[in-house]
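Each residue of the sequence shown is one higher than the one before, counting from 352 in the working numbering. Beta carbons: idealized from backbone N, C-alpha and C, even for Gly. Working notes, beginning with the structure itself.
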Amino acid sequence: HIVLLFAFVSWTGQTGVGSFDLPDTSTALAVIAIVLALCGLLLLIAPIRHRVIGPVIKILKSTGTHLGSVFNSPLRVLALFGGSALISFAYAATLGFSVEAFGGGLSIPEICTAFMVAVTIATIAPTPGGLGALEATMIAALAGFGMDHGPAVGAVLTFRLATFWLPILPGWYTFVWMQRNGEL
Numbered sequence: 352h353i354v355l356l357f358a359f360v361s362w363t364g365q366t367g368v369g370s371f372d373l374p375d376t377s378t379a380l381a382v383i384a385i386v387l388a389l390c391g392l393l394l395l396i397a398p399i400r401h402r403v404i405g406p407v408i409k410i411l412k413s414t415g416t417h418l419g420s421v422f423n424s425p426l427r428v429l430a431l432f433g434g435s436a437l438i439s440f441a442y443a444a445t446l447g448f449s450v451e452a453f454g455g456g457l458s459i460p461e462i463c464t465a466f467m468v469a470v471t472i473a474t475i476a477p478t479p480g481g482l483g484a485l486e487a488t489m490i491a492a493l494a495g496f497g498m499d500h501g502p503a504v505g506a507v508l509t510f511r512l513a514t515f516w517l518p519i520l521p522g523w524y525t526f527v528w529m530q531r532n533g534e535l
């Protein structure tokens, strides 16, 4: 995901397709500094540090073991990275269709960059599927690339309807069917 993020950001910057207008950078930097300072202060408290560091080390060791088994097979590596890239491209294309449906006028690199940045930031959100954080970040990214706020909201809500809300009912039905038929 990170490789695709950097690729799209680079593509957007090199093609001269427009600029991204950030809000006041001093405010953003102040918020980042405050969050980092609070995290640092929390890690100074021994009980909190032990509750955080121990599980993180355990997760990293487990991840290393599982990654080792994946990287032993080139086919598994291809499936892992290829599948991840295809899913990201499919979601970015869906966002592109939604943007065009609302007359967005953004280029492919801008749409893909907006999607990748929004997904990266939304992974931090403690909600299922980054609900709320993804929408806010994606609307801000599309507006930052020059799309009007109203159409950006419509495009993002259409995107989320197609990729998050509509698949719930068929997914639930399939899950119940698989349980009843002993597939799970």
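Segment limits, alpha helix (DSSP H) that includes residue i
i: Gly-480; result: No alpha helix (DSSP H) contains Gly-480, which DSSP labels as neither H nor E.
i: Gly-447; result: 425–452
For residue j and residue i, the rounded distance between their alpha carbons
i: Ile-438; j: Arg-511; result: 15 Å
i: Val-428; j: Ala-441; result: 20 Å
i: Leu-508; j: Ala-444; result: 15 Å
i: Ala-506; j: Leu-520; result: 22 Å
i: Val-368; j: Ile-462; result: Note that Val-368 scores a pLDDT of 47, beneath 50, so its modelled location is shaky; the value from the coordinates is reported in the next line. In a straight line, the C-alpha of Val-368 is about 11 Å away from that of Ile-462.
i: Leu-535; j: Tyr-524; result: 13 Å
i: Ser-424; j: His-417; result: 12 Å
i: Ile-399; j: Met-498; result: 44 Å
i: Ala-397; j: Ile-408; result: 16 Å
Cut-off 6 Å between Cβ atoms - residues of its own chain near residue i, not counting five sequence neighbours on either side
i: Ala-388; result: none
i: Ala-469; result: Leu-485, Thr-488, Met-489, Ala-492
i: Ile-538; result: Because the chain is modelled from 352 through 535, residue 538 falls outside the range shown and cannot be assessed.
Simplified DSSP assignment, three categories, for residue i
i: Ser-536; result: There is no way to answer for residue 536, as the model of the chain reaches only from 352 to 535.
i: Thr-462; result: Inspection of the sequence shows that residue 462 is occupied by Ile rather than by Thr. DSSP places Ile-462 in helix when its eight states are reduced to three.
i: Thr-471; result: helix
i: Pro-518; result: coil
i: Ile-408; result: helix
i: Phe-496; result: coil
i: Leu-389; result: helix
Cut-off 7 Å between Cβ atoms - residues of its own chain near residue i, not counting five sequence neighbours on either side
i: Met-529; result: Leu-535
i: Ala-494; result: His-500, Ala-503
Cβ shell of residue i (< 8 Å), same chain only, five flanking positions each side left out
i: Ala-513; result: Thr-445, Ser-449
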